[in-house]
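So the sequence lines, in the order shown, correspond to chains A and B.
FYI, in the working numbering the residues of the first sequence are 2 to 400.
FYI, in the working numbering the residues of the second sequence are 2 to 400.
Cβ coordinates follow ideal geometry from the N, Cα and C atoms, glycine included.
All values reported here derive from a predicted model rather than from experimental measurement.
2 protein chains.
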Amino acid sequence: MPKTSKRGDLMPFSPIRKLVPLANKAIERGIKVYYLNIGQPDLHTPEKALDAIRNIDRKILEYSPSEGIYSLRKKLSEYYHTFNIDANVEDIFITCGGSEAIEVAFMSCLDPGDEIIVPEPAYANYEAFAIVAGAVIKSIPAKINKGFRLPPMKEFEKLITPRTKGFMICNPNNPTGYLYSRSEMNQIKNLVKKYDLFLFSDEVYREFCYTGAPYISAFHLKGIENNVILIDSVSKRYSECGIRIGALISKNKEIKQNVMKFCQARLSPPLIGQIVAEASIEGTEDYMRDSYEEYSERRKFLIDGLNRIPGVYSPIPMGAFYTLAKLPVDDSDKFCEWLLSEFEYNKETIFLAPASGFYTTPGYGKNEVRIAYVLDKKDLATSLIILEKALEVYPGRTE
Amino acid sequence: MPKTSKRGDLMPFSPIRKLVPLANKAIERGIKVYYLNIGQPDLHTPEKALDAIRNIDRKILEYSPSEGIYSLRKKLSEYYHTFNIDANVEDIFITCGGSEAIEVAFMSCLDPGDEIIVPEPAYANYEAFAIVAGAVIKSIPAKINKGFRLPPMKEFEKLITPRTKGFMICNPNNPTGYLYSRSEMNQIKNLVKKYDLFLFSDEVYREFCYTGAPYISAFHLKGIENNVILIDSVSKRYSECGIRIGALISKNKEIKQNVMKFCQARLSPPLIGQIVAEASIEGTEDYMRDSYEEYSERRKFLIDGLNRIPGVYSPIPMGAFYTLAKLPVDDSDKFCEWLLSEFEYNKETIFLAPASGFYTTPGYGKNEVRIAYVLDKKDLATSLIILEKALEVYPGRTE
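As C-alpha cells, then:
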C-alpha cells in the first residue's frame, strides 16, 4: 500500500474530538452530559431564515457564482458598512464557512515554508489550515494572569524571519473572549507595516462585545488596507453553523485575483446556505438584540460563578461566547477525560474543552479549559455545581 | 505590499471562465446564447428533494458531523451496493461537492512534489487541486481519432518516477464521455499494483452509461482495494449542483484517518444540502429513468447532428453528458471567442467550451471543443444549426 501524506500525519487531532467517544459512553451509562466544549450555540436560528428555505420556489438547485450570489454579497457589504468596514461587493467572496475563508486566504497568500505569527491560545484550526497550505505557525503565548492581552511587540519581532509573511488574530477572540484594544490594534498595524506582512483577521464574533469597549476591525486600520484579509462567518451570529456560509474580504487586487481562482476551482459555495444567510442579515434586529442580551447575562453569570469556586480563575471575557479558565488541576486533558469517564454528580457531568488544543507551545494550557456559554443559565448553574463538586474530589487536584 | 503566493500564480484560469464576460456582453447586445459550455443540467431537481427542504422542521441549523450525517451515509452505502460497490457507512465521508472530495483525497495522499498520472483530456480542476496540494500532474493525451480510449500502458510507465504516487481517472469521462472497458480497467489495476499507486477514481456520472457496456468501478478491481479512493457527487445525477454534496470513499484505514482530520478542520459539510441529498436517493427511480432517457435521446440527436456538419467529427460518447468534438477551425479558443463576440445567426449564438482547458500538454485540443448536452432537443437542434452556419463563415476555418 502506498504511503499516505506527511501532511496528513502533521494534521492535529483535536483533544476535544478525542473526548467525544467518552461523552457518548457516559450517555450510554445514563449520565446527562452538559456540552460546554463547542461553539455550537443553543439559540434558535432566526425564524425568518428558516422561512426562506421553507418558501424556496426554485426548480433547479443550480451552481451559484464562484464568488457567491450577488444579492448576498450586497447585503453583507451594507452590513459591514454599519461597522464602518469599507467592504464593497467586489471585495467580498462567499465561502463554505469561515473555515474555507481561512483556507483560501492562506492558499492565496502563503507558500510552503512561509511563516505566520499567531498569538495563542488560538483557534486550533488555524494550525490545521496552515498545515494544509504547507505554512508554519509561530506562536507566542498570551498569559491568563494578564487577561490574555497581546504580548509585547518585541516578543513578536523576535520571531520575524525572512519567511514571515503574515500575522493572524481573532478578535473578539476564540477561545479567550479577549477584545483587542485600540492601542493593541495599532501595535499590530505597526508590526504589519514595518515588516510588510499580511494581516489575517478573524472577526466572526464582532456582534458579541459586552463591555462597551470598541470593536476595532483590522479594516479600520489606516495605511495597511492592502495587507488585510478579513475572515467572517454568519454561523455564530445567527446560530446557523450548519449552513456553511462565511466570507473572505480583501481590498487587495492581487489577493482577490488569487482568491477567485481558488473559489473557481471548487465551483461554488452552498446555494441554500446563501439563501438562508441572506434572509438572516436584514429584519433580524430584534433577534440579534435578544441573542446579545442572552449571551451577556450568561457571561456575567458564568464568570461570577467560576470565580466563586475555590481555586478557579477566569479572566473577564469582553466578547464572543467563551472563556478560558484556570483550574486547580494537574492536567486539564486528564481532568476533562476524568469528568466524562469517571465522575458524575446526581447522574450528570460536564464536557469541557482542554486548553492544550489551543496552544502550540508545549506545556501551555495544562491547567486551563475553554468553556462555551452556549447553554442557558439554568444549565450553566448546574454545570457550575458539577464543576465545583468535581474539583472537590478530583485526584489530580493541585491546590 | 507583501507578495501573494506562487501557488496562486500557478492556479489555472479556465478558458471557459474567460469567455463568460463575452457571453454576458452578447446578451446585452440582444443576442440569445445557448449555453453548451458547462455541466449544469437543465433538468429539474427531484420534487421530493425540494420538498425535503420546504418541510424542514428544525429549530437550529447546527453543525453536522465532520464525516457527514449518518443516515445520508447509510443511504449512500445502500446505493453504492446496488452498483456492487462495497462501500460501507464507515468508508464514506460526505464532502462539500465532489470538488472537496478531490481536494481532501489529494491532501490525504499526496505531498508537495508528489506526482499523479492523468490521461487527458481531463476535468480541469484536477490540475487546480493538484496545485493546491503542491502535487504535479503528468498527463498523456488520449487521441480523439481513437475515440479517447486509454493510451497504451507503456506510455504511462514512461512517466513513472520515484515521486509517482497516484493515477487519476474519470469514468464515465468528463469531458469526453468515454467509458473505460473491463480490459482498460484491468490495465489500470495492473499499473496501480505494479507501482503501488493510489487510484483516484471520479465516478460521478455512473448513472449515465448509454451503450449497454458495463460500468466498471475502481471499487470492482480485485487486489487494489486499499489503493482506491472513489470520488462521488450527487450534483449531476439529481441536478442539484448547488447544494454542494459529494463523497469520498475509501477502504484504507490510513487514508480514512487522514481524511477525517481534514474533514474535522473544516468542521462539517453543508447541513441542508445533506438533507436534500438524502431525500434524493430513495423514491426517485422514476426521476432517474426519465433523466436517463432524456440524456440518452439528446446524446443520439447531438452526435448524429454534429457528425452531419461538414468537417465536424465527434466520437460516440458512451456516458456522462458531454462530447469532445473536432471542428475544422484553426484554434478553438479563438473560435469560441468569435462565436460570442462576432457571430450571430438569427440573433442567436452558442457558448462552447474550448478543449484547451482540458489538456495540460501544450498544443493539444486546439481544434476540439466540449459540448454538454444540458439543453433540450429543440435547443440542441437550434445550436447545431448555429454551429453549422458559424463554421461556414468563420475566418479561421481550416478545411
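Reduced DSSP secondary structure (H/G/I, E/B, other) of residue i
i: residue 22/B; result: helix
i: residue 200/A; result: strand
i: residue 166/A; result: strand
i: residue 349/A; result: strand
i: residue 50/A; result: helix
i: residue 377/A; result: coil
i: residue 121/A; result: strand
i: residue 39/B; result: coil
i: residue 231/A; result: strand
i: residue 209/A; result: coil
i: residue 320/B; result: strand
i: residue 33/A; result: strand
i: residue 16/A; result: helix
i: residue 398/B; result: strand
i: residue 185/B; result: helix
i: residue 104/A; result: helix
i: residue 1/A; result: The requested residue 1/A is not part of the displayed model; chain A covers only 2 to 400.
i: residue 116/A; result: strand
i: residue 81/B; result: helix
i: residue 354/A; result: strand
Selection from the options that minimises the alpha carbon distance to residue i
i: residue 231/B; options: 192/B, 271/B and 102/B; result: 102/B
i: residue 202/A; options: 338/A, 23/A and 107/A; result: 107/A
i: residue 301/B; options: 337/B, 268/B and 381/B; result: 381/B
i: residue 156/A; options: 364/A, 140/A and 149/A; result: 140/A
i: residue 173/B; options: 235/B, 200/B and 204/B; result: 204/B
i: residue 135/B; options: 149/B, 399/B, 218/B and 6/B; result: 6/B
i: residue 123/B; options: 376/B, 79/B and 144/B; result: 144/B
i: residue 327/B; options: 226/B, 274/B, 15/B and 177/B; result: 177/B
i: residue 371/A; options: 199/A, 387/A, 385/A and 353/A; result: 353/A
i: residue 191/A; options: 225/A, 208/A, 308/A and 165/A; result: 225/A
i: residue 335/A; options: 16/A, 8/A and 2/A; result: 16/A
i: residue 99/B; options: 237/B, 398/B and 291/B; result: 237/B
i: residue 195/A; options: 171/A, 228/A and 207/A; result: 228/A
i: residue 386/B; options: 40/B, 350/B, 131/B and 53/B; result: 350/B
Start-to-end residues for the alpha helix (DSSP H) that takes in residue i
i: residue 1/A; result: What is shown of chain A runs 2 to 400, which leaves residue 1/A out entirely.
i: residue 254/B; result: 254–266
i: residue 332/B; result: Here residue 332/B belongs to no alpha helix (DSSP H), and DSSP marks it neither H nor E.
i: residue 154/A; result: 154–160
i: residue 287/B; result: 286–309
i: residue 11/B; result: 7–11
i: residue 151/A; result: It is not in any alpha helix (DSSP H) - residue 151/A carries neither H nor E in the DSSP assignment.
Residues of its chain near residue i, where Cβ-Cβ distance is below 8 angstroms and the 5 sequence neighbours each way are ignored
i: residue 26/A; result: 341 and 342
i: residue 45/A; result: 240
Residue span of the beta strand (DSSP E) that contains residue i, given as start and end
i: residue 373/A; result: 369–373
i: residue 61/A; result: Unbroken run through residue 61/A: none, as it is neither H nor E.
i: residue 325/A; result: 323–327
i: residue 139/B; result: 137–142
i: residue 96/B; result: 93–96
Other residues of its chain near residue i: CB distance less than 7 angstroms, five sequence neighbours each side excluded
i: residue 374/A; result: 296, 299, 300, 303, 322 and 381
i: residue 278/A; result: 73, 235, 244 and 246
i: residue 361/B; result: 121, 128, 138 and 140
i: residue 119/B; result: 127, 138, 140 and 169
i: residue 211/A; result: 297, 300, 319 and 320
i: residue 315/A; result: 304, 307, 308, 324 and 326
Residue i CB to nearest heavy atom of the ligand ATP below 6 angstroms
i: residue 51/A; result: Inclusion of the ligand ATP in the displayed structure is not the case, the ligand content being empty and no account of it being possible.
Proximal residues to residue i (C-beta, below 6 angstroms), its chain only, five neighbours per side dropped
i: residue 90/A; result: 74, 75 and 78
i: residue 24/B; result: 34, 341 and 352
i: residue 257/A; result: 251
i: residue 357/B; result: 16, 334 and 366
- Query: Listed from N- to C-terminal order along the chain, which residues in the region 108–139 of chain A have their beta-carbon within a distance smaller than 7 angstroms of any beta-carbon of chain B?
  - Reply: Near chain B, meaning a CB-to-CB distance below 7 angstroms, the residues of the region 108–139 of chain A are 108, 109, 110, 111, 112, 113, 126, 129, 130, 133 and 135.
- Could you please tell me which residues of the region 352–375 of chain A, in chain order, have their CB closer than 8 angstroms to any CB of chain B? Per Cβ criterion, the list is empty.
- Could you name the residues of the region 217–251 of chain B whose beta carbon sits closer than 8 angstroms to any beta carbon of chain A, in the order they occur along the chain? Within the region 217–251 of chain B, the qualifying residues are 227, 228, 240, 241, 242, 243, 244 and 245.
- Task: Quick one: which residues of the region 291–310 of chain A get their C-beta closer than 8 angstroms to a C-beta of chain B? List them in chain order.
- Result: Going along the region 291–310 of chain A in chain order, one finds no residue with a Cβ nearer than 8 angstroms to chain B.
- According to a CB-to-CB cut-off of less than 7 angstroms, which residues of the region 33–46 of chain B neighbour chain A? Residues passing the 7 angstroms Cβ filter: 41, 45 and 46.
- Message: So if I threshold CB-CB distances at 9 angstroms, which residues from the region 61–89 of chain A count as touching chain B?
- Response: Cβ contacts with chain B: 61, 62, 63, 64, 65 and 67.
- Using Cβ-Cβ distances below 8 angstroms, what residues of the region 265–276 of chain A are close to chain B? For chain B, the residues of the region 265–276 of chain A that bring a beta carbon within less than 8 angstroms of one of its beta carbons are 265, 266, 267, 268, 269, 270, 271, 272, 273 and 274, in chain order.
- Using a Cβ-Cβ cut-off of less than 8 angstroms, list which residues of the region 197–212 of chain B approach chain A; keep chain order. Listed by position along the chain: 197, 198 and 199.
- Task: Output, in sequence order along the chain, the residues in the region 162–179 of chain B whose CB is closer than 9 angstroms to any CB in chain A.
- Result: Within the region 162–179 of chain B, the residues whose Cβ lies closer than 9 angstroms to some Cβ of chain A are 166 and 167, listed in chain order.
- Contact residues within the region 3–27 of chain B, judged by C-beta distance below 7 angstroms to chain A: Hits within the stretch, in order: 3, 5, 6, 7, 8, 9, 12, 14, 15 and 18.
- Message: At a CB distance below 9 angstroms, what residues from the region 314–339 of chain A approach chain B? Give them in sequence order.
- Response: Residues are counted here when their Cβ sits less than 9 angstroms from a Cβ of chain B; for the region 314–339 of chain A the count is zero.
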